[in-house]
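Residue numbers (the numbering used here): 13 to 259.
Reviewing the structure listed below.
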Amino acid sequence: MSITPGAPQAGWYPAPDGSSTTWWWDGARWVPPGQQPRPPVTTDRLVKLATATQILLVACAAASIATIAVETFGIGAVTGLSNGDQQALSLLGTYDQLLPVVTILSAVTLIATGIVWVLWQYRAATHLRGQTRRSPGWHVGSWFIPIVALWFPYQNVSDLWRAVRGALPWLRILWWSTWLAGNVLIQISTRIYIDAQDLDQYQAAMWANALGHAALLIAAPSAWMIVRDITRGIVRRAVVPEPPLMQ
């Protein structure tokens, strides 16, 4: 009785047609010489973009912490003034000086992170071309199209994640839900602040902004881990051994 051995692991093996060449076995089928899967030219640029993105995500988190601190300070000042504490007027003056600083800091770090993120995502999608539902161009463009930007970027990042990591949805769900919630709350805060006519409305704007940045503070480490894991997966998959030399 003959026993059929299990399929060998992916690698280079003597040609199944009996010739003196070696063929690539991908785990499911034989691939003749010249048709074997080739790794990307290099993953160095991807790794550099990932590192830059992660550094900027940390900067975004720091900016959110600063914004939360300033808004908390402002909420306390408004509460004091509402309770008749006239010294709170000077605290509100300090708040008015600090708010533009943290607002500009948050905007600059967010824009810089967004630019580097889409460059990283484009590069990652290029390395995984054919394994995602959309092209690398769509991985970038979907961030900038109204309505589409509410869902397509999540799907695109999910495709990258599944291609290298398998199905672990909770981290991506946490990132995307807190990212959307943070942006919505910040937009609400801006609208309230522009139309505010009394202290209660200003305080509501402060609360909305603080909560929005609290959501972004949760989104930042989630995004950091997503960038790390997708990049690691691509680098790991990019290593394809060279065919052995025939004696």
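From the three backbone atoms N, C-alpha and C, an ideal C-beta is built for every residue, glycine too.
- In the three-state reduction of the DSSP assignment, glycine 88 falls in the helix class, which pools H, G and I.
- Per the coordinates, the alpha-carbon of serine 31 lies some 14 Å from the alpha-carbon of valine 43.
- A residue is called buried when at least 16 other Cβ atoms come within 10 angstroms of its Cβ; leucine 101 does not meet this threshold and is exposed.
- Considering only Arg135, Glu83, Thr138, Val130, the residue with the shortest C-alpha distance to leucine 111 is Glu83.
- Here the stretch 221-239 makes contact with the stretch 185-197; the two share three or more CB pairs at distances below 8 Å.
- Collapsing the DSSP output to three states places tryptophan 24 in a strand.
- With distances taken between CA atoms, threonine 125 lies nearest to Thr63 out of Leu162, Ser147, Thr63.
- Across the set Leu103, Trp132, Gly86, Arg41, the C-alpha of Trp132 shows the shortest separation from the C-alpha of glutamine 66.
- Apart from sequence neighbours up to five positions away, the residues of its chain that approach leucine 122 with a beta-carbon distance below 8 Å are Cys72, Ala75, ordered along the chain.
- Closest in C-alpha terms to threonine 202, from the list Arg184, Ala222, Ile185, comes Ala222.
- A residue is called buried when at least 16 other Cβ atoms come within 10 angstroms of its Cβ; threonine 55 meets this threshold and is buried.
- Taking C-beta separations shorter than 7 Å and ignoring five residues to either side along the sequence, the partners of alanine 235 in its chain run Leu69, Trp187, following chain order.
- By the C-beta criterion, the stretch 162-175 is judged to be in contact with the stretch 138-147, since at least 3 inter-stretch pairs fall below 8 Å.
- No beta strand (DSSP E) of 3 residues or more sits fully in the stretch 142-214.
- If you look at threonine 34, you'll find it isn't in any alpha helix (DSSP H); it sits in the beta strand (DSSP E) that goes 34-37.
- Minimum Cα-Cα distance from alanine 81 among the listed residues Ile238, Tyr214, Trp219, Arg249 corresponds to Trp219.
- Leaving aside the five residues that flank serine 154 on each side, the residues in its chain whose CB is nearer than 7 Å to its CB run, in chain order, Val160, Ala161, Phe164, Pro165, Asn168.
- Taking the CA atoms as reference points, glutamine 98 sits about 14 Å from glycine 86.
- For valine 43, the beta-bridge partners assigned by DSSP are Trp36.
- With a cutoff of 9 Å on beta-carbon distance, threonine 106 and threonine 79 are scored as not near each other.
- Non-local C-beta neighbours of tyrosine 134 in its own chain, meaning closer than 7 Å and more than five positions away in sequence, comprise Pro148, His151, Val152, ordered along the chain.
- Here DSSP, grouped into helix, strand and coil, assigns threonine 65 to helix.
- Per DSSP, reduced to three states, the secondary structure at threonine 54 is coil, with no helix or strand assignment.
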